[in-house]
Ligand code: GLY
Ligand code: MN
Ligand code: MN
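Residue numbers (the numbering used here): 119 to 541.
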């Protein structure tokens, strides 16, 4: 199946589930990283999911009543393309992206009213795109003032976010293939980090080696800023400075995943800089590893999405009691969720086009969502004991450990996509 037919099928399903009306989607604006330099462009994941279009300044109009797809894109421009890169233009939008109609984005104000006026429902997610919001607000105001026109424009505005994100939650075969690739590349980068690490190396040297491996294997780069956190830096969850020199007795926490055609992997490994754990390190590492194994075993279709978290918490609680980081009755500590003092974050999040992928965790009734084949989630228990933590045995202070894998829910259970990174 061709790439463009994958997007066409998603649009068909989206239009079907919309039922009626017109949906408007704006892609992400370009972001400045300084005066006249920009970050590498990344399209809006929802926009990309339905269009496959990766250029900035694009707007999609999806009409469920007429079953049409219209794209507004940047015009072809010989000078701009020489300076900034190739553009599809409206012709390319129709030829390569399956648009039924395509226009330059400059035509949007003129054409949008007629594209929307007939619809009873406008599907638009306010609050995600400032320019889009102002275009849509202006449009609605214009329709309201235009009350004598028998086709007065939509009377209902509906947020399509839940519908789209429910679709994104269950991955198709072509998405799983990309996520497998992102997972395999991340695993290779983690193996390399483990091979290279030694006391005396700076955190940023390891970060550079990991990011190089991502690019060398065909990923577009890290899916989020690569975390290399040595010693007590590992107790900072999203540590990003990376300036410290790795010490001999340190654990090194590496949280690194890459982007492959928009899809993320998200992998954490924690290992001793010298290759040998100290006793307290080994204890806490063993607890996190056991918690992770139990959590992964809890991933299967029909299970609650938070079943892995519950399984991990039980094991972490036992370990914290055994090693004297928590004291008191197990039942009371469990009820008070005392583990959270050291475990800090949830064990899982969805993974996909976004690292913290979209899609609700409760279902429509408010109950925890059930896992279904095709969903991908991380399983990443951790324990973090701050260096200044009071009331805990001294030898555990300053330790941070997280082990994170990406897990695909299958028909029969689960498959760990990131198995290739040793733990
Ligand atoms: N790398 C961010 C996370 O693990 O959620
Ligand atoms: Mn994660
Ligand atoms: Mn992570």
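Cβ atoms here follow ideal geometry from the backbone N, Cα and C, with glycine treated the same way.
Cβ neighbours of residue i in the same chain (closer than 7 Å, five flanking residues each side left out)
{"i": "residue 231", "result": "257 and 260"}
{"i": "residue 490", "result": "288, 419 and 527"}
{"i": "residue 486", "result": "422, 423, 424, 479 and 480"}
{"i": "residue 164", "result": "143 and 282"}
Spatial distance of residue i from residue j (CA atoms)
{"i": "residue 242", "j": "residue 198", "result": "31 Å"}
{"i": "residue 341", "j": "residue 377", "result": "5 Å"}
{"i": "residue 379", "j": "residue 283", "result": "18 Å"}
{"i": "residue 200", "j": "residue 386", "result": "41 Å"}
{"i": "residue 64", "j": "residue 239", "result": "For the chain, the structure presents residues 119 to 541; residue 64 sits outside this window and is missing."}
{"i": "residue 208", "j": "residue 214", "result": "10 Å"}
{"i": "residue 305", "j": "residue 539", "result": "4 Å"}
{"i": "residue 519", "j": "residue 173", "result": "39 Å"}
{"i": "residue 217", "j": "residue 170", "result": "11 Å"}
{"i": "residue 262", "j": "residue 453", "result": "54 Å"}
{"i": "residue 531", "j": "residue 447", "result": "34 Å"}
{"i": "residue 381", "j": "residue 121", "result": "15 Å"}
Beta-carbon contacts of residue i that lie in its chain and below 6 Å, excluding the five residues immediately before and after
{"i": "residue 433", "result": "408, 409 and 412"}
{"i": "residue 474", "result": "467"}
{"i": "residue 492", "result": "288 and 289"}
{"i": "residue 186", "result": "218"}
Residue i and residue j closer than 8 Å at C-beta
{"i": "residue 472", "j": "residue 496", "result": "no"}
{"i": "residue 465", "j": "residue 430", "result": "yes"}
{"i": "residue 456", "j": "residue 444", "result": "yes"}
{"i": "residue 535", "j": "residue 298", "result": "yes"}
{"i": "residue 180", "j": "residue 226", "result": "no"}
{"i": "residue 360", "j": "residue 372", "result": "no"}
{"i": "residue 272", "j": "residue 234", "result": "yes"}
{"i": "residue 357", "j": "residue 401", "result": "no"}
{"i": "residue 140", "j": "residue 190", "result": "no"}
Residue i Cβ short of 7 Å to ligand 3 heavy atom set
{"i": "residue 523", "result": "no"}
{"i": "residue 373", "result": "yes"}
{"i": "residue 386", "result": "yes"}
{"i": "residue 325", "result": "no"}
{"i": "residue 498", "result": "yes"}
Same chain, Cβ closer than 8 Å to residue i, neighbours up to 5 away in sequence not counted
{"i": "residue 315", "result": "324, 364, 370, 389 and 391"}
{"i": "residue 303", "result": "331, 332, 335, 336, 337, 376, 378 and 383"}
Any non-hydrogen atom of ligand 1 closer than 7 Å to residue i Cβ
{"i": "residue 219", "result": "no"}
{"i": "residue 344", "result": "no"}
{"i": "residue 321", "result": "no"}
{"i": "residue 473", "result": "yes"}
Ligand 2 heavy atom lying under 7 Å from the CB of residue i
{"i": "residue 465", "result": "no"}
{"i": "residue 87", "result": "In the structure as shown, the chain begins at 119 and stops at 541. Residue 87 is therefore absent and cannot be evaluated."}
{"i": "residue 536", "result": "no"}
{"i": "residue 507", "result": "no"}
Interface flag, residue i vs chain D, CB-CB below 8 Å
{"i": "residue 473", "result": "The displayed structure is made up of one protein chain only, and chain D is not part of it."}
**Request:** May I have a chain-ordered list of the beta strand (DSSP E) segments no shorter than 3 residues that lie completely inside the stretch 303–368?
**Result:** 345–348
**Prompt:** What beta strand (DSSP E) runs, 3 residues minimum, are completely inside the stretch 371–420?
**Reply:** Complete beta strand (DSSP E) runs here, min 3: 376–378 and 386–390.
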